[in-house]
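Here is the structure we will look at.
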Amino acid sequence: MDKERDNINRNGGRLSDEEVVRVARHVTWVGFWVNAFLGVLKILAGIFGRSQAMIADGVHSFSDFVTDIIVIVFVGVSRRKANETYQYGHGKYETFATMLLAFVLAAVAVVFFIDGAEKSWQALHGVELPRPTWLALTMAVSSIVVKEWLYRYTRRAGERIGSSAVIANAWHHRSDALSSLATLAGIGGAMYLGEHWRVLDPLAAMLVSVFIIVVSVKIGKPAVQELLEVSLPADICRGMWDIIAHTEGVKAFHHFASRRNGNRMIVDFHIKVDSDITVEGAHHIASDVERRLRERYGDEIIVNIHIEPYAGQPVDGYGMCR
9 MDKERDNINR NGGRLSDEEV VRVARHVTWV GFWVNAFLGV LKILAGIFGR SQAMIADGVH
69 SFSDFVTDII VIVFVGVSRR KANETYQYGH GKYETFATML LAFVLAAVAV VFFIDGAEKS
129 WQALHGVELP RPTWLALTMA VSSIVVKEWL YRYTRRAGER IGSSAVIANA WHHRSDALSS
189 LATLAGIGGA MYLGEHWRVL DPLAAMLVSV FIIVVSVKIG KPAVQELLEV SLPADICRGM
249 WDIIAHTEGV KAFHHFASRR NGNRMIVDFH IKVDSDITVE GAHHIASDVE RRLRERYGDE
309 IIVNIHIEPY AGQPVDGYGM CR
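Spelled out as structure tokens, the structure:
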């Protein structure tokens with residue numbers, strides 16, 4: 009996940025904030041227009057192909073408009089420089105956008121589940137569901153292919169620029185592909201298995217809705233944790249402890265705290281140094297610690313260090329003291 013947060017281009021160089029925003033907006037606009045085209049075609053195919061499932065699938069594609077707009081707006085805001093109001097930068101705007109995307113995914117899944125349950129109930133009580141045509145079936149196959157391509161295209165771009173919001177939007181594209189898969193199963197069953205098997209369409213939609221909810225939790229949980237300022241993963245913290253403890257001049261450290269702000273990591277801690285050295289010497293040690301952390305975790309990391317004199321306190325295996 010940390011590699012995903014690094015803005016690295018194909019040649020190994022670090023991307024500028026302007027390049028990150030450009031890539032994010034480009035891939036999102038591509039998705040925006042693809043969703044517009046698919047949404048119109050799906051609704052038309054549903055109307056003329058006698059498939060309510062396809063019409064609903066088309067409406068689902070139009071819901072991607074909202075998420076695309078959120079990404080376009082929030083990714084640009086999140087890369088703005090720090091100012092007097094946002095002294096740690098605007099990174100949490102992107103985190104907030106990711107959380108919104110997760111909630112949209114979950115809301116769409118609930119709508120699918122309720123609609124599927126209603127249609128299943130009707131079918132089980134003798135209501136005859138309409139028999140779709142080849143037009144709807146062909147559109148379902150086309151939608152799966154296009155949306156899976158769009159998912160892979162968007163996810164690659166999101167991982168390249170380290171944008172959780174773009175990656176979350178990629179998963180929204182895949183949820184649309186999965187809904188089309190359920191639609192395909194329902195249409196195929198209705199066309200070839202007879203009237204009594206048309207209930208497969210709403211049942212498949214209910215199953216996919218559960219998967220979409222799982223995906224929304226997967227991408228939404230880290231965003232919520234970041235907004236609540238949950239600490240960095242344990243392996244990253246231990247790596248930082250090792251760097252701090254093994255920097256020359258550091259006798260011990262304590263009061264370590266960490267969190268994320270968008271694509272930036274923020275760490276605060278106190279280091280204890282020899283009480284006989286000068287202020288300049290202590291400052292040099294603190295600067296060395298910060299330099300080593302930046303070399304390991306990137307220039308975006310924010311490091312806040314407080315210097316204290318070492319008074320012989322017991323030190324644990326990580327170099328920490330009370």
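Numbering (my numbering), first residue to last: 9 to 330. Beta carbons: idealized from backbone N, C-alpha and C, even for Gly.
Please report the straight-line C-alpha distance between Ile175 and His34, rounded to a whole angstrom.
14 angstroms
At least one CB of chain B closer than 9 angstroms to the CB of Lys50: is that the case?
Protein chain content of the structure displayed is limited to a single chain, and chain B is not contained in it.
Selected residue, minimal CA-CA separation from Phe3, among Asn312, Phe219, Pro241 and Arg299
The shown model of the chain, from 9 to 330, leaves out residue 3, and the question about it has no answer.
The stretch 178 to 194 in contact with the stretch 82 to 91 per 3-pair CB rule at 8 angstroms:
no
Quick one: residues in its chain with C-beta nearer than 8 angstroms to the C-beta of Asn17, no 5 flanking neighbours on either side, listed in chain order?
Unreliable positioning characterises Asn17 in this predicted model, as indicated by a pLDDT of 45, which lies under 50. The coordinate reading is nonetheless provided below. Correct list, in chain order: Leu23, Glu27 and Arg168.
Going by DSSP in three states, Asn17 sits in which element: helix, strand or coil?
Only weak support exists for where Asn17 lies, its pLDDT of 45 falling under 50; the coordinates are left without a value.
Answer yes or no: do Ala148 and Gly228 have a C-beta to C-beta separation smaller than 9 angstroms?
no
Report yes or no: do three or more beta-carbon pairs, one from the stretch 231 to 246 and one from the stretch 261 to 279, lie closer than 8 angstroms?
In short, these stretches touch, since the Cβ pair count reaches three.
By the DSSP assignment, the beta strand (DSSP E) with Asp276 in it spans what residues?
Arg272 to Val281
Presumed contact (8 angstroms Cβ cut-off) between Val79 and Ala44, rounded CB distance
In fact, because the Cβ distance is near 15 angstroms, the residues do not count as touching under 8 angstroms.
Quick check: what's the CA-CA separation for Asn15 versus Val287?
At Asn15 the pLDDT is 47, less than 50, meaning the model places this residue with poor confidence; the figure from the coordinates comes in the next sentence. Asn15 and Val287: Cα-Cα distance of roughly 36 angstroms.
Note down the Cα distance separating Val153 from Thr191, rounded to an integer number of angstroms.
13 angstroms
So Tyr326 and Trp249 are supposed to be a Cβ contact under 8 angstroms. How far apart are they, rounded?
5 angstroms
I need the DSSP call for Pro210, collapsed to helix, strand or coil.
helix
Exposed or buried, which one is Ala334 when buried takes at least 16 other CB atoms within 10 Å?
This structure cannot speak to residue 334, because the chain is shown only from 9 to 330.
Does the distance from the C-beta atom of Asp209 to that of His68 stay below 9 angstroms?
no
Residues near Pro322 in its chain [Cβ-Cβ closer than 8 angstroms; skip 5 each side]
Cys329 and Arg330
C-alpha distance - Arg30 paired with Pro230, whole-angstrom precision:
25 angstroms
Closest by CA to Trp252, which one among Val216, Leu186, Val232 and Val281?
The question names Trp, but residue 252 in the sequence shown is Ile. Closest option to Ile252, Cα to Cα, is Val281.
Give me whichever residues DSSP pairs with Phe261 in a beta bridge.
Ile279 and Met328
Of all the alpha helix (DSSP H) runs that stay within the bounds of the stretch 126 to 170, which reach a length of 4 or more residues?
142 to 169
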